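Single-structure report; data block below.
Protein chains in written order, with this note's numbering: chain X, 11 to 119; chain W, 108 to 221.
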């Protein structure tokens, strides 16, 4: 069964304290892995797509990496505005996404 | 350039009533997806539509739930005879092409069933 597991469920960091979020997956035929950010009361906002092991993508303080079984979202020197829930999803088919439950990130000033 | 518009943002229904959720995709997008989100759970795929066609409704319960995306007007997710277990946030997303996981989401419709 296709499955996505994110850890930790919640992460509290001080401003400037770097860390990583994990997304492990089991899927039959990965077409892509996606990271989204979701703010409270809002819809998810697309961040990155990764297609193959070894691929990396960066955007401001965020860097996403991919291996054959998991992906990491690295956050370098985070700021309070980086506080959000970060969602990971995989695409086993052309259009259907399987989502993790998310990691709630809280950055304290 | 308006984003994906969903309405209503909040909807309260009593058991047995009908709920209609509307979604206008981004301009130029002809692919619409509906997802359901429960607290502390991941988004669950419900249905994928293109203009006037249902492509995949495998994630949608066969009873009481239906979706459409007419030639003109918004996509509609309809839930008949709602039950308390239908309470959730329903998100619509759109994309300009098929075969992509890069979706543009609306802000969701939060359904509460009393």
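Beta carbons: idealized from backbone N, C-alpha and C, even for Gly. The structure displayed is predicted, hence computed values, not measured ones.
Taking a contact as a CB-CB distance under 8 Å, the pair residue 182/W and residue 199/W counts as one, their CB atoms being some 7 Å apart.
Interface annotation for the segment 176 to 206 of chain W against chain X: 198, 205, 206, criterion Cβ-Cβ distance under 7 Å.
Excluding residues up to 5 positions away in sequence, 76, 77, 78 lie with their Cβ nearer than 8 Å to the Cβ of residue 63/X in the same chain. Distance between residue 18/X and residue 168/W, taken at the CA atoms: about 31 Å. The shortest C-alpha to C-alpha distance from residue 108/X to any of 119/W, 116/W, 143/W is the one to 143/W.
Taken atom to atom, the span from the alpha-carbon of residue 118/X to that of residue 87/X is near 12 Å.
Apart from sequence neighbours up to five positions away, the residues of its chain that approach residue 22/X with a beta-carbon distance below 6 Å are 116, ordered along the chain. Burial of residue 16/X is indicated by the presence of at least 16 other C-beta atoms within 10 angstroms of its C-beta. Under the three-state reduction of DSSP, residue 47/X is assigned to strand. Using a C-beta cut-off of 8 Å, the segment 182 to 193 of chain W makes contact with the segment 120 to 128 of chain W, since at least three inter-stretch Cβ pairs fall below that distance. Three or more beta-carbon pairs separated by less than 8 Å are not found between the segment 130 to 148 of chain W and the segment 65 to 74 of chain X, which leaves the two stretches without contact. For residue 134/W, no CB of chain X lies under 9 Å from its own CB, so it is not counted at the interface with that chain. Residue 83/X is bridged by DSSP to 31/X, 74/X.
Of 175/W, 151/W, 147/W, 145/W, the smallest CA-CA separation from residue 158/W is found for 175/W.
In this model, residue 55/X and residue 48/X are separated by some 6 Å (Cα to Cα). With respect to residue 209/W, residue 59/X sits close: the two C-beta atoms are nearer than 9 Å. In this structure, DSSP gives residue 92/X a helical state, which the three-state scheme calls helix. In the DSSP assignment, residue 189/W falls outside any beta strand (DSSP E), carrying neither H nor E.
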